[in-house]
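Undergrad:
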Amino acid sequence: CENEEESAITEWIEADDNGHQKFTNEEIVNLVQPEGNPNEDEESEEEVSLPDRVSQANVTKAPDVDLPYVEQNCAAFSAIDFFKRFSVSVILARVKRERILGDTKVYKVRVRKEYKVSDKGVLALKSGRLLTPKYGAMCGVDLEVGKLYVISGNIVTLKAQINMCGMRTEWNQLTRRQRKGLRVLYRHGCTCKIRRCSLGKRCYRQRDSCTWRNSCETKEGICLRQPNKSCMWARTRLLTTCSREWRRNVTMSSSYHQYNNFAFHH
1 CENEEESAIT
11 EWIEADDNGH
21 QKFTNEEIVN
31 LVQPEGNPNE
41 DEESEEEVSL
51 PDRVSQANVT
61 KAPDVDLPYV
71 EQNCAAFSAI
81 DFFKRFSVSV
91 ILARVKRERI
101 LGDTKVYKVR
111 VRKEYKVSDK
121 GVLALKSGRL
131 LTPKYGAMCG
141 VDLEVGKLYV
151 ISGNIVTLKA
161 QINMCGMRTE
171 WNQLTRRQRK
181 GLRVLYRHGC
191 TCKIRRCSLG
201 KRCYRQRDSC
211 TWRNSCETKE
221 GICLRQPNKS
231 CMWARTRLLT
241 TCSREWRRNV
251 TMSSSYHQYN
261 NFAFHH
């Protein structure tokens, strides 16, 4: 049965019909400065449309070999993390339709932009098909037809596969910083790792990594290697404000629980 299902998927797919962008340190500093106009970075559907052959200057090329993840962690906490994973492709795509073939869901998508792909990924994405297990218990994912997503996945036997461990975020839910990171900035931090620091745990700074503590780094953070060769979050007004508000809420929540515990025991 598995061979018949694989054959059916292959026949359906086959029936349808790179290098890093270089920046100087000064240009990178300018790119991470706070933006002025909150509407200038909004991308419409027309703006993200691309010709059939994507310009190599706008695509980060990933190696075809399956190298280990920077983080052996299935917790999908940041678009930054997926951009750093060597064997993962990251694309912007609109879901056109969905079809069930056995235990596999096949999404027909229109790829609008390739942020990070390998040569194998380019070939696999020509079919415009994304494969995922049918059931959530098998790490299958649900995408809504008609919506535009940033999606990360792996290429297996020249087929693009996605699962729960990957990124699948609607475009309109990304912040302007995340969009700019995908287009330009994340690739400049590929030599830096992202380390998760759990709430209440003391985490020491490490030279080759940025410490992820909360959603502020996810939404507003860009991890870059600094002139002193250490990795740090690029500071912006929005990141600072968000982090300050997060710490305030954590302090208030902690005080509330401490008061309730005291009242309960007395």
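Numbering (UniProt numbering), first residue to last: 1 to 266. For every residue, glycine included, the Cβ atom is placed at its ideal position computed from N, Cα and C. If you're wondering where the values come from, they're calculated on a predicted model, not measured in any experiment.
(1) Indicate whether C216 and W246 have their beta-carbon atoms separated by less than 8 Å.
(2) In whole angstroms, what is the alpha-carbon distance linking R177 and G221?
(3) For R196, list the residues DSSP reports as bridge partners.
(4) Spell out the partners DSSP gives S152 in its beta bridges.
(5) Quick one: what's got a C-beta closer than 6 Å to T169's C-beta in the same chain, skipping five residues either side?
(6) Starting from L123, trace the alpha helix (DSSP H) in both directions and tell me its first and last residue.
(7) By the 10 Å Cβ neighbour count, where 16 or more other Cβ atoms means buried, how is I100 classified, buried or exposed?
(8) Taking C139 as the reference, which of K120, M167, A124 has the closest Cα?
(9) Short of 6 Å in beta carbon distance, which residues of its chain neighbour S152, apart from the five on each side in sequence? Order them along the chain.
(10) So the alpha helix (DSSP H) Q178 belongs to, where does it begin and stop?
(11) What is the C-beta distance between G128 and V109, in whole angstroms, given that I count them as a contact (C-beta under 8 Å)?
(12) Given a cut-off of 8 Å on the beta-carbon distance, is the pair R187 and S209 in contact?
(13) On the three-state DSSP scale, how would you describe Y107?
(14) Does the ligand NAP have a heavy atom nearer than 7 Å to the CB of C223?
(15) From which residue to which residue does the beta strand (DSSP E) around L185 run?
(16) With A160 as the anchor, note down where its beta strand (DSSP E) starts and where it stops.
(17) Do you know whose CA, among G181, L239, K229, lies nearest T191's CA?
(18) Do you know offhand how far N163's Cα is from Y204's?
(19) Check each candidate in V106, W233, C242 and name the one with the smallest Cα separation from D142.
TA: According to the structure data:
(1) yes
(2) Our two residues, R177 and G221, have alpha carbons roughly 7 Å apart in a direct line.
(3) W212
(4) V90
(5) V150
(6) 119-125
(7) exposed
(8) M167
(9) F82, V88, V90, G166, M167
(10) 176-180
(11) 5 Å
(12) In this structure, S209 does not lie closer than 8 Å to R187 by Cβ.
(13) strand
(14) Among the ligands in the structure shown, none appear at all, so the ligand NAP cannot be discussed.
(15) Taken as a continuous stretch (DSSP letters only), L185 belongs to no beta strand (DSSP E), as it is neither H nor E.
(16) 159-161
(17) K229
(18) Each residue's Cα considered, the two are about 32 Å apart.
(19) V106
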